[in-house]
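Residues in the sequence shown are numbered from 141 upward in steps of one, following this note's numbering. We put the CB at the ideal spot given by N, CA and C, even for glycine. First up is the structure itself, then whatever we jot down about it.
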Amino acid sequence: MDTRLGGDLQADHQETLMKLYRFFALGIATLFLSVALIPLESKAQTKLKIQSGFPPSSLIYLNSLYFAKQVNAMSGGRLVVEILPPGAVVPPFEILDAVSRKVIDGGHTAAAYWVGKNRAAALFGPAPGGPFGMDMMDYLGWIHDAGGLQLYTDFYQKDLKANVVPIPLTSVAQQALGWFKTPINSWADLKGKKCRHTGITAEVFGRAGVAAVNLPGGEIVPALERGVIECAEWAGPAQDIAIGFQTVLKHFYAQSTHEPASVLELIINADIWKALPADLKAIIHSAAIEATIKSETERNRLNASAIKEMKEKFGVTVHTTPPDILLKTLQTWDDIAKEETAKSVTFKKVYDSMYKYASEVVPSRVINSPSYDFAANYYFPPKK
C-alpha cells in the first residue's frame, strides 16, 4: 500500500511538472511571438510613388529626392516616398490628370502647367509681380498664414474637379528673364521672337509679340538645338545650367518680374491622402516646408557659382535686364489680371486674398528694412 501511494504521488508530481512546463512554454512562446510582431507593426509601410515633371539633372528633381529622404526618415520608415523620373508613367503635362485618376499616387509639378485648364492656376506660385511685390517668403506666408492653402485646395478640387491635394514644394524664385541668341535692349526687341514660356507668362510675353512655345524642362535644350525655338526661360542661373542652356545660348538676363515668387507643387491623390494617418500627413507638410526652404537657401550659393561658371567656362554674357522690360511685364500682367477678375469668380477671390495680405506685408517690409542693395553695394561696390 505504501508503495502504491508513493507511486501515485510520484505520478501526480510528474503530471504537475508537465503542466507547469507546458504553461511556461506557452507563455514564453507567446512572449516571443508578441516581441516578433512589434517590429512588424511598427514597420508597416505605406508607399507613395511620386512622378516628377522635371529633368533628373535639375536641382528641382534633386530637391524632390531630398523631400522623399526626409519623409522616409521622419516617419521611421512607415511612409516611403519613391520619386519617379518624368515620363516614367505619363508625360509631364499629364501628371495632374494621372494623379486625379490614381494612375500615380502623386506628382511634383507646377501650377503654371494648368493655366490652360483654368487661368486662376497662374496665382498659385508663378504669378508675375509676386503678385503685388511679394517674394517667395511672402507667398509662403500667404499660403500658410493667410488662408492661401485652403484656396489652393479648393481651386483644384472645386474648380478643376481634380481629386488631388496640393502642397507647395520647391522654390524656383527668383526666375530669370531668360536666354537669347542676341542681346535685347527693350520690350520692343522681344517682338517676333519664338521663345519657350509656360502658363500666364506665355501670355504676358505674347502681348509683347513673342511666339510662346509651351515645353517641359527636359525638352527645352533639345528644342533650342533643333532651332524650334530661339530663346527660353526656365528657372534661374543654377537651374538653367544644370540642364544645359549655356551650351546653346550665350546671352543671359537674370533680373525679371514675371515670376519673382515661383514655388512648385506636390500633388497627391485625395483618396490616398485621406487614408493617411494624421501624423504622416503632418510629416509630409513639414518635410515639404523644409525642402522648400532648403531649395531657396541653397539657391543663392548655387546661383553665384553658376554665374561664374557660365561666364568663365562657357563664354556667356550676363546682361542687366532693360528697366522697361521689368515695368512692361508688370503693366501687362495687371491688364491680364484685371480682365480675369472681371470674368472669373475664383480668380477674383484668390487675387483679392493675395492683395489683402500683400497690402499689409509688402509695405511693412519696405518700412522695416533698407533695400537689399544698400548694404550689398556698401560692402561690394558695383564694378565700373
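Beta-carbon proximity list for residue i, same chain, < 6 Å, skipping 5 on both sides
i: Ala252; result: Pro266, Thr338 and Gly339
i: Asn354; result: Thr338
i: Leu470; result: Gly269 and Thr397
i: Ile381; result: Ala446 and Met450
i: Ala250; result: Leu404
i: Lys489; result: none
i: Pro521; result: none
Chain-order list of residues whose beta-carbon lies under 7 Å from that of residue i (same chain, five-residue window excluded)
i: Asn443; result: Gly376, Pro377 and Ala378
i: Val388; result: Val361, Leu364 and Glu365
i: Ser197; result: Ala382 and Ile383
i: Ile369; result: Lys334, Cys335, Arg336, Val353 and Ala363
i: Tyr495; result: Phe272
Own chain, CB closer than 8 Å to residue i, minus 5 neighbours either side, in chain order
i: Gly247; result: Ile190, Gln191, Ser192, Gly193, Ile235, Leu236, Ala238, Val239, Leu406 and Ile407
i: Pro231; result: Pro356
i: Asn325; result: Pro462
i: Lys421; result: Trp413
Nearest-angstrom beta carbon gap, residue j and residue i [assumed within contact, 8 Å]
i: Asp299; j: Asn409; result: Going by Cβ atoms, the distance from Asp299 to Asn409 rounds to 18 Å, so no, they are not a contact pair.
i: Lys468; j: Ala348; result: 7 Å
i: Val219; j: Asn212; result: Looking at the sequence itself, residue 219 is Leu, so the reference to Val does not match. That pair is a contact at about 7 Å.
i: Ala260; j: Phe295; result: 6 Å
i: Ala428; j: Pro308; result: 7 Å
i: Gly273; j: Ala498; result: 6 Å
i: Ile200; j: Thr310; result: 6 Å
i: His425; j: Trp319; result: That pair is no contact at about 35 Å.
i: Ala208; j: Val221; result: 4 Å
i: Asp278; j: Ala401; result: 7 Å
i: Gly281; j: Val506; result: In fact, because the Cβ distance is near 15 Å, the residues do not count as touching under 8 Å.
Counted within 10 angstroms of its Cβ, other Cβ atoms place residue i as buried (16 or more) or exposed
i: Leu330; result: buried
i: Gln314; result: buried
i: Phe514; result: exposed
i: Thr457; result: exposed
i: Asp419; result: exposed
i: Glu452; result: exposed
i: Asn203; result: buried
i: Ser322; result: In the sequence on display, residue 322 carries Thr and not Ser. Thr322 comes out exposed.
i: Ala176; result: In this prediction, Ala176 scores a pLDDT of 44, lower than 50, which makes its location untrustworthy; no coordinate-derived value is stated.
i: Ala415; result: exposed
i: Thr437; result: exposed
i: Ala516; result: exposed
i: Ile168; result: Caution applies to Ile168, whose pLDDT of 42 falls short of 50 and renders its modelled position unreliable; the value that the coordinates give is listed next. The residue is exposed, with fewer than 16 neighbouring Cβ atoms inside 10 Å.
i: Ser504; result: exposed
i: Asp285; result: exposed
Chain B within 8 Å of residue i, Cβ atoms only
i: Ser204; result: In the displayed structure, chain B is absent; only one protein chain is listed.
Beta bridge counterpart(s) of residue i as assigned by DSSP
i: Lys189; result: Glu222
Open item on the list: Going residue by residue through the region 263 to 347, where are the continuous beta strand (DSSP E) segments of at least 3 residues, counting only ones entirely within it?
Closed with: Within the region 263 to 347, the complete beta strand (DSSP E) segments of 3 residues or longer fall at 304 to 311, 318 to 320 and 334 to 336, listed in chain order.
TODO: Taking only runs that begin and end inside the region 364 to 412, name each unbroken alpha helix (DSSP H) of 4 or more residues, in chain order.
DONE: You should have 377 to 382.
Open item on the list: In chain order, what are the residue ranges of uninterrupted beta strand (DSSP E) at least 3 long that sit wholly in the region 401 to 471?
Closed with: Taking only runs of at least 3 residues, the beta strand (DSSP E) segments lying wholly in the region 401 to 471 are 403 to 409 and 457 to 459.
Task: Secondary structure, alpha helix (DSSP H): runs of 4+ residues fully inside the region 205 to 268 - done: Taking only runs of at least 4 residues, the alpha helix (DSSP H) segments lying wholly in the region 205 to 268 are 235 to 240.
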